[in-house]
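Numbering (this note's numbering), first residue to last: 63 to 501.
Here's the structure we're looking at; comments come further down.
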């Protein structure tokens with residue numbers, strides 16, 4: 063809500079602030095169509111017709127729009143004519159908020175919350191009295207509330223929140239637009255640069271920040287890839303019936319957030335340009351296996367796709383979306399019937415295989431597999447992989463050997479996330495040292 067000269071602008075009714083808009087549903091569905099074109103039509107890695115999801119792993123955060131993003135992406139990848147008549151509701155894994163690692167979990171990781179606030183305060187000290195901030199105030203301060211009249215990193219609303227509102231309205235057409243000065247190109251560039259520094263610089267500079275913010279998720283991804291290379295594949299705890307799963311997972315799809323996307327890229331030293339992820343951004347973590355022939359590779363045993371949902375703005379007037387505080391009822395609404403769900407009673411512990419040092423695993427297995435990261439359909443370079451010829455595929459340094467990728471990831475993978483969230487309290491920004499990401 064904004065106010066000037068007695069005029070009040072209100073959010074438009076009809077949708078829960080945590081849900082996707084119609085535009086968000088369309089763009090995440092389109093993401094699923096792109097995944098189908100690549101992994102089904104072009105590569106033949108996934109089947110054209112699906113009777114179950116036993117070879118897929120679907121996981122979401124507790125935020126409804128992340129679940130809806132997952133649902134729309136899955137439907138885009140496997141629309142009705144590609145699912146059999148007896149196709150069961152998919153199993154969707156959701157952890158309790160206290161155990162959630164699909165996004166940087168400030169609320170439930172005390173030490174990470176401290177670090178996030180320290181880096182945010184550093185950004186405020188760095189940017190609040192600069193020419194860049196003065197430029198923003200020359201355009202926007204007249205719209206700020208009386209109790210926080212200046213735009214600042216730590217103003218109320220925060221600069222990052224203003225930026226998010228601007229981006230949300232741009233994604234949803236003229237009916238949601240703010241006054242014209244909010245869309246000044248220079249102001250948008252400045253605000254994005256400052257917000258990115260506030261939120262994501264810690265991943266580039268601090269191993270502890272990486273470890274507590276996104277390391278547990280990266281460790282889970284490495285877990286699956288290592289199982290694929292040395293143990294015949296990764297099998298989830300449950301399948302659609304809740305029994306021990308028999309199938310090996312080939313494709314994992316996660317509904318997550320912009321902070322997830324940027325944290326992954328920054329922690330791997332691959333966040334070139336440092337621009338805030340656009341809506342419906344995605345990161346694919348692909349595993350390939352070397353085959354006979356020069357530089358020949360084929361799609362590997364697991365493909366990870368992490369996608370970020372659209373903004374939480376309102377849909378066009380006249381359209382509404384019902385809300386539900388129950389995850390099961392929302393999933394039922396989305397998939398048409400009550401799905402099987404898996405919520406861990408306690409924080410799932412990673413396997414010993416994945417947490418073993420790369421030197422303790424069969425080296426040929428790890429060297430015959432390659433990892434590639436794609437951000438919004440474009441391959442990215444991990445500096446530690448590109449730096450040495452033995453760490454990447456000959457002739458293409460965007461393909462990192464699994465051995466090198468694991469060695470990089472192991473440096474910021476927590477052994478016990480819950481325990482380490484309670485360590486180094488009040489020890490400053492660099493209790494475990496500062497080192498560059500991606501090596």
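Backbone N, C-alpha and C define an ideal beta-carbon position, used for all residues, glycine too.
Predicted model, so just to flag it, every value in this text is computed and none were measured.
Leaving out the 5 sequence neighbours to the left and right, which residues in its chain are closer than 7 Å to residue i when beta-carbon positions are compared?
i           : result
residue 250 : 228
residue 190 : 214 and 215
residue 94  : 134, 135, 136, 137, 138 and 139
residue 448 : 454 and 459
residue 148 : 113
residue 271 : 177, 264 and 265
residue 165 : 123, 318, 319, 321 and 322
When the Cα of residue i is compared with those of the options, which residue comes out closest?
i           : options               : result
residue 437 : 148, 322 and 174      : 322
residue 347 : 452, 149, 111 and 315 : 315
residue 480 : 336, 298 and 275      : 275
residue 475 : 450, 462 and 281      : 281
residue 98  : 144, 455, 127 and 87  : 144
residue 256 : 220, 325, 92 and 456  : 220
residue 137 : 173, 96 and 238       : 96
residue 337 : 294, 290 and 225      : 225
residue 198 : 153, 237 and 247      : 247
residue 498 : 111, 266 and 238      : 266
residue 180 : 264, 326 and 101      : 264
residue 477 : 419, 310 and 495      : 419
residue 496 : 273, 87 and 223       : 273
residue 61  : 131, 482 and 185      : Only positions 63 to 501 of the chain appear in the structure, and residue 61 is not among them; the question remains open.
residue 284 : 366, 239, 235 and 234 : 366
residue 235 : 482, 461, 86 and 484  : 86
residue 223 : 241, 434, 343 and 253 : 253
residue 168 : 156, 489, 462 and 483 : 483
residue 158 : 233, 121 and 238      : 121
Report the three-state DSSP secondary structure of residue i (helix, strand or coil).
i           : result
residue 181 : helix
residue 394 : Any reading at residue 394 must be qualified, since the residue scores a pLDDT of 34, below 50, and its modelled position is unreliable; the value itself is stated next. Here residue 394 sits in helix by DSSP.
residue 348 : strand
residue 260 : helix
residue 458 : strand
residue 292 : helix
residue 98  : helix
residue 441 : strand
residue 357 : For residue 357, the predicted model reports a pLDDT of 44, less than 50, meaning its position is unreliable and no value from the coordinates is stated.
residue 108 : coil
residue 275 : helix
residue 144 : helix
residue 496 : strand
residue 401 : Legend: pLDDT at residue 401 = 40, less than 50; position of this residue unreliable, value from coordinates given subsequently. Coil.
residue 501 : coil
residue 449 : coil
residue 433 : strand
residue 268 : strand
residue 286 : helix
residue 333 : coil
residue 237 : helix
residue 316 : strand
residue 164 : coil
residue 491 : coil
residue 366 : strand
Enumerate in chain order the residues of its own chain whose CB-to-CB distance from residue i is below 8 Å, with the five nearest sequence positions on each side excluded.
i           : result
residue 162 : 123, 124 and 170
residue 218 : 207, 209 and 210
residue 440 : none
residue 309 : 116, 117, 297 and 301
residue 109 : 102
residue 485 : 173
residue 407 : Because the pLDDT at residue 407 is just 40, under 50, the model does not fix this residue reliably, and the value given afterwards should be weighed accordingly. No residues qualify anywhere along the chain.
If residue i and residue j are in contact, beta carbons under 8 Å, what's the gap, nearest whole angstrom?
i           : j           : result
residue 473 : residue 173 : In fact, because the Cβ distance is near 18 Å, the residues do not count as touching under 8 Å.
residue 313 : residue 432 : The pair is not a contact, with the Cβ atoms about 17 Å apart (cut-off 8 Å).
residue 243 : residue 201 : 4 Å
residue 501 : residue 470 : 7 Å
residue 318 : residue 128 : 6 Å
residue 368 : residue 176 : 26 Å between Cβ atoms; not a contact.
residue 89  : residue 341 : 7 Å
residue 146 : residue 111 : 7 Å
Looking only at its chain, what residues have a beta carbon closer than 6 Å to the beta carbon of residue i, apart from the 5 residues adjacent to it on each side?
i           : result
residue 262 : 324 and 328
residue 182 : 260
residue 345 : 323, 326, 368 and 437
residue 429 : 463 and 465
residue 194 : 252
Between the stretch 440-457 and the stretch 466-483, are three or more C-beta pairs nearer than 8 Å?
Enough Cβ pairs lie closer than 8 Å, so yes.
Assess contact between the stretch 327-334 and the stretch 131-150, defined as three or more Cβ pairs (one per stretch) separated by less than 8 Å. Is contact present?
no
Taking 8 Å as the cut-off, does the stretch 80-87 touch the stretch 110-119 (at least 3 CB pairs, one atom from each stretch)?
Using a C-beta cut-off of 8 Å, the stretch 110-119 makes no contact with the stretch 80-87, since fewer than three inter-stretch Cβ pairs fall below that distance.
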